[in-house]
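A.B. asks:
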Amino acid sequence: GSNAKEVIENSIKALDEAQKSFPKGVHYTTLINVNDFLDASIEKVIHTLIEAFILVFLVVFIFLQDFRSTLIPAISVPVAIIGTFFFLSLFGFTINLLTLFALVLAIGIVVDDAIVVVEAVHAKLDHGYKSAKKATVDAMDDISGAIISITLVMAAVFIPVSFIQGSSGVFYKQFGLTLAIAIILSAINALTLSPALCALFLKPHAEDHEKPKNFIQRFYVGFNTSFDLMTNRYKKSVSFLSRKKWVAIAGILAFVGILVWTMNTTPKGFVPNEDLGTIMSDISLPAGTSQEQTAIIIKQIDDIVHTVPEVKNSLRIVGRSMISGSGSSYGMVISRLKPWDQRKRDVKTIIGELFAKTGKIKGAKIIFFAPPTIQGFGTSGGFEFQLQDKTGGEIKKFTEVGNAFLAALSKRPEIQYASTSFNPNFPQYQIDVNVAKVKQAGLTVTDVLGVLQGYYGGVYASNFNKFGKQFRVMYQADAAYRANQQTLNSIYVRNNTGGMAPITEFITLEKVYGPQAISRFNLYTSIAVTGAPKAGFSSGDALKAVQEEAAIHLPAGYGYEFSGLSREEMAGGNQTIFIFLLCVIFVYFLLCAQYESYILPLAVLISLPIGLAGVFIFDKIFGVDNNIYTQITLIMLVGLLAKNAILIVEYAVDRRRKGMSIVNAAIEGATARLRPILMTSFAFILGLLPLMLSSGVGAAGNTSIGTGAVGGMLIGTIFGIFVIPALFIIFQTLQEKVSSKSPFDEDVHVEQSELEFPAVDGREH
987 GSNAKEVIEN SIKALDEAQK SFPKGVHYTT LINVNDFLDA SIEKVIHTLI EAFILVFLVV
1047 FIFLQDFRST LIPAISVPVA IIGTFFFLSL FGFTINLLTL FALVLAIGIV VDDAIVVVEA
1107 VHAKLDHGYK SAKKATVDAM DDISGAIISI TLVMAAVFIP VSFIQGSSGV FYKQFGLTLA
1167 IAIILSAINA LTLSPALCAL FLKPHAEDHE KPKNFIQRFY VGFNTSFDLM TNRYKKSVSF
1227 LSRKKWVAIA GILAFVGILV WTMNTTPKGF VPNEDLGTIM SDISLPAGTS QEQTAIIIKQ
1287 IDDIVHTVPE VKNSLRIVGR SMISGSGSSY GMVISRLKPW DQRKRDVKTI IGELFAKTGK
1347 IKGAKIIFFA PPTIQGFGTS GGFEFQLQDK TGGEIKKFTE VGNAFLAALS KRPEIQYAST
1407 SFNPNFPQYQ IDVNVAKVKQ AGLTVTDVLG VLQGYYGGVY ASNFNKFGKQ FRVMYQADAA
1467 YRANQQTLNS IYVRNNTGGM APITEFITLE KVYGPQAISR FNLYTSIAVT GAPKAGFSSG
1527 DALKAVQEEA AIHLPAGYGY EFSGLSREEM AGGNQTIFIF LLCVIFVYFL LCAQYESYIL
1587 PLAVLISLPI GLAGVFIFDK IFGVDNNIYT QITLIMLVGL LAKNAILIVE YAVDRRRKGM
1647 SIVNAAIEGA TARLRPILMT SFAFILGLLP LMLSSGVGAA GNTSIGTGAV GGMLIGTIFG
1707 IFVIPALFII FQTLQEKVSS KSPFDEDVHV EQSELEFPAV DGREH
């Protein structure tokens, strides 16, 4: 329940206070501060929020062409956003990058319902209504059902995400439920606040006809004229597709093929590797290298690191590394980069330069890597897995198998490096105790080994108090008396007679080689492997390469398991397909209840692959991998794309019930809803452009969300508005053939000519 940001801030305050009493010339520096990245990212997202709001406001203003009308959707945004924060607090969520990303998306979504309301009222005023109140009441009668239906569908797609387990489930829950809350609040606004504002703000259009033609008015006239021409062409295209329905079906099948192909060929990942402003390194020297020699090499590496202009400061550590653990031949250098706005290159480019510059250092294995985006999942942002010996065999054989496998894996084009710190060649001494002699001297094996431990390894003896603090007392032989095997001759152990016997009487030493430590993973002896994909490949490509090479090169009795973020990525991928199908099923049954039909909802669902293909088309064009942000975007787009289809189908069903033919109902429904569909879609798209075009801190996550969402909505809208009417004709015809229920309202008897809308809804103010 702690606030991580607050904990770090208080820690920095404590260090600042302590620094006041440091000796002259001594100061502290922080090498890894998660708050730096978090603060910079949140600031970037807040700027994006403001930019998105302005862009959405401009789109709505251009379409509605009236400042009063534009205020109504603009007011709905802060109301929904503020309400969302209240419910986030209620559910125990935090304000983090996920919830802020969701709110950026929500800006483009929550204006939709308000736009639909305002556009519907404007349509009534265009048709001669003299009272804004009367126009609002009649408009709400027409669209209330559509708003409720759209809201239920868009909120329903996020309900199944709460079933996802593990770390990926946290992403889906925080992101999805934040959006669902904003969408529900937006619908409540549209059914209550927006109609009231329409009745107050809007005026009959006749009152504004005598305004002078300034630049803005001339722009509006030109825009409306162009839009009217486009609407007429759109109506002709829909009419053509209503006669040539096979063209629409062929188009959908083509997009299904594109979706399958792009989904399978787009590189996969779990979470985009963000530039956190820190570079870690793992340094390993030949086994048995002294700590003094290791320090010299690490100083050399640190000097090279400081030749990179983006490096602000660094820390050298000898005797321990992030991957290899503890040992005299291990070390690491942690480099803190300058703030994001003070450097042009990202962490990947800098790591590539460091690999090139340190490649000349012989005898040292040096790996540079960025820390993982999600703290606590492994040590690096690449991939991790554990080779396992399930035979219980010798370490030597296991090492040979592991080295052969890593050699094959390193040849793959997807792999930048794959290495392990496991080394079975550390020089060691095997101590053999002559138990018979020990017992004859009245000693125990523990007595003998305890003396060895004290002289060579060190033993905790006691405590003492000084300067108001408690210190530990450790005893150990001086370095000169434990430098080689001959020093054993100077060590004695007290026997049962009280005399001192040389310890060499009881032990013999044999020089052997072996690993410094043996680790286990899920009970099996294991070798930890870390690596990174090459530029242009994702972590998903690297994991697939590991699986393929393991199937070829690992003999029977040897296996592997992914660990860290790689384990989460593999586990999350299988859940996503199931959850995505569950979302579609939720939408289907909701629409079945809405239309009282199992057939007509297919007109909505079959149009979805067009937009979903758009997600992967844009991802491939802009080099974004299929990660958890992309998958969240897909689920969100199911609701958004279904919304456009519902608007058309809902109006077409209403016209059909009032006696219009199926074809005319489809054409008129599509034409009548073209303006609000384009307005809401382009408001959403432009609201996400700042995310899609993001650079600097947090850019990986921003572009992952923005690119897929913009591509899916753009392609889904442009092509969807043409095929949805054709799908309605197909499935409404099929519905009426299999259903005994009349499609018409019994109490409505209106001439078809009276029901048809004008082809365009030209507007001048």
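In terms of my numbering, the sequence shown opens at residue 987 and continues consecutively.
From the three backbone atoms N, C-alpha and C, an ideal C-beta is built for every residue, glycine too.
Quick caveat, the model's predicted, so the values are computed rather than measured.
1. Pick helix, strand or coil for D1418, following the three-state DSSP scheme.
2. Going by other Cβ atoms of all chains shown within 10 Å of its Cβ, with 16 needed for buried, is G1752 buried or exposed?
3. Count the C-beta pairs between the stretch 1137-1144 and the stretch 1103-1116 that are closer than 8 Å, then say yes if the count reaches three, no if not.
4. Excluding the 5 residues preceding and the 5 following N989 in the sequence, name in chain order all residues of the same chain whose CB lies nearer than 7 Å to its CB.
5. Round the Cβ separation of I1592 and G1702 to the nearest angstrom and send it over; I've been treating them as touching at under 8 Å.
6. Identify which residue in A1528, A1536, F1523 and L1429 has its Cα closest to the Cα of G1484.
7. Beta carbon of G1317, beta carbon of I1303: below 8 Å?
8. Taking the alpha-carbon of L1340 as reference, which of T1178, D1288, V1573 and A1579 has the nearest alpha-carbon?
9. Are K1254 and E1400 close, meaning C-beta to C-beta below 8 Å?
10. Tell me which same chain residues have a C-beta within less than 6 Å of the C-beta of V1498, skipping the five on either side of it?
11. If you drop the 5 nearest sequence neighbours on each side, which residues of the same chain put their C-beta closer than 7 Å to that of A1166?
12. Taking Q1617 as the reference, give the member of Y1158, T1666, G1378 and R1553 with the closest Cα.
13. Roughly how many angstroms lie between the CA atoms of K1629 and A1531, to the nearest whole one?
14. Could you tell me which of F1408, K1285 and T1693 sits nearest to I1320, measuring between CA atoms?
15. How is the beta strand (DSSP E) around T1516 delimited, first residue to last?
16. Between which two residues does the alpha helix (DSSP H) harbouring G1545 extend?
17. Between A1427 and L1495, what straight-line distance do the alpha-carbon atoms span, to the nearest angstrom?
18. Along the alpha helix (DSSP H) that carries P1488, what are the first and last residues, could you check?
19. On the three-pair Cβ rule with 8 Å, is the stretch 1370-1382 touching the stretch 1510-1520?
20. Return helix, strand or coil for N1688, following the three-state DSSP convention.
21. For a quick check, are the C-beta atoms of I1018 and T1264 less than 8 Å apart?
22. Just confirm the distance between the C-beta atoms of N1409 and Q1502, as a whole number of angstroms; I'd bet it's less than 8 Å.
23. Please confirm if the stretch 1088-1105 is in contact with the stretch 1053-1065, defined as three or more CB-CB distances below 8 Å between the two stretches.
24. With a threshold of 16 other CB atoms inside 10 Å of the CB of H1195, please say whether the residue is buried or exposed.
25. Using only alpha-carbon positions, find the residue among S1505, V1459 and T1432 that is nearest to S1407.
26. Around the C-beta of T1080, are 16 or more other C-beta atoms found within 10 angstroms, so that it is buried, or is it exposed?
27. Can you give the beta carbon distance from V1090 to A1038, rounded, assuming they're within the 8 Å contact cut?
28. Can you tell me whether P1676 is helix, strand or coil according to DSSP?
29. Hey, is the stretch 1658-1669 in contact with the stretch 1570-1581, meaning 3+ C-beta pairs nearer than 8 Å?
30. Given a cut-off of 8 Å, decide if S1228 and P1711 are closer than it, judged by their beta-carbon atoms.
31. Give me the DSSP bridge partner(s) of Y1316.
32. Check M1308 in the structure and name its three-state DSSP category.
33. How about Q1160 and T1085: do their beta carbons lie closer than 8 Å?
34. Nearest-angstrom Cα distance between Y1220 and A1168?
35. Looking only at its own chain, which residues have a Cβ that is under 7 Å from the Cβ of R1659, when we skip the five neighbours before and after it?
36. Are the beta-carbon atoms belonging to E1554 and F1355 less than 8 Å from one another?
C.D. replies: Looking at the coordinates:
1. In the structure shown, D1418 adopts extended strand secondary structure according to DSSP, grouped into three states.
2. Because the chain is modelled from 987 through 1751, residue 1752 falls outside the range shown and cannot be assessed.
3. Because the criterion of three Cβ pairs below 8 Å is not met, the stretch 1137-1144 and the stretch 1103-1116 do not touch.
4. Closer than 7 Å at the Cβ level, and outside the excluded window around N989, lies no residue.
5. That belief does not hold up - the Cβ atoms of I1592 and G1702 are roughly 13 Å apart, past 8 Å.
6. Distance check between G1484 and each of A1528, A1536, F1523 and L1429 places L1429 closest, using alpha-carbon atoms only.
7. Against a cut-off of 8 Å, the Cβ pair of I1303 and G1317 comes out as a contact.
8. Out of T1178, D1288, V1573 and A1579, the CA that lies nearest to the CA of L1340 is found in D1288.
9. No; because the gap between Cβ atoms is not below 8 Å, this pair is not in contact.
10. Exclusion of the five residues before and after V1498 leaves Q1414 and Q1416 as the residues of its chain whose Cβ lies within less than 6 Å of its Cβ.
11. Only A1141 and F1144 meet the Cβ criterion.
12. The shortest Cα separation from Q1617 among Y1158, T1666, G1378 and R1553 belongs to Y1158.
13. So the two alpha carbons sit approximately 40 Å from each other.
14. Considering only alpha carbons, the answer is K1285.
15. Counting along the chain, the beta strand (DSSP E) containing T1516 begins and ends at Y1510 to P1519.
16. Secondary structure note for G1545: it is in no alpha helix (DSSP H), and the uninterrupted beta strand (DSSP E) holding it is Y1544 to F1548.
17. A1427 and L1495 have their C-alpha atoms spaced approximately 20 Å apart.
18. Bounds of any alpha helix (DSSP H) do not take in P1488; it lies within the beta strand (DSSP E) bounded by M1486 to P1488.
19. The stretch 1370-1382, when compared against the stretch 1510-1520, does touch it at the 8 Å Cβ threshold.
20. Here N1688 sits in helix by DSSP.
21. Contact: yes.
22. Confirmed, Cβ separation roughly 7 Å.
23. Here the stretch 1088-1105 makes contact with the stretch 1053-1065; the two share three or more CB pairs at distances below 8 Å.
24. Because the pLDDT at H1195 is just 49, under 50, the model does not fix this residue reliably, and the point stays unresolved.
25. Ranking the options by Cα distance to S1407, first place goes to S1505.
26. So T1080 ends up on the exposed side.
27. Yes, V1090 and A1038 are in contact; Cβ-Cβ is about 6 Å, under 8 Å.
28. Here P1676 sits in helix by DSSP.
29. Taking 8 Å as the limit for Cβ pairs, the verdict is that the stretch 1570-1581 does not touch the stretch 1658-1669.
30. Their beta carbons are under 8 Å apart, which means P1711 touches S1228 by this criterion.
31. DSSP lists S1270 as the beta-bridge partner residues of Y1316.
32. Looking at M1308 - three-state DSSP - the assignment turns out to be coil, as it is neither helix nor strand.
33. When the beta-carbon positions are compared, Q1160 and T1085 come within less than 8 Å of each other.
34. Near 33 Å, if we compare the C-alpha coordinates of A1168 and Y1220.
35. Cβ neighbours of R1659 beyond the five flanking positions: L1633, I1634 and Y1637.
36. Not a contact, by the Cβ cut-off of 8 Å.
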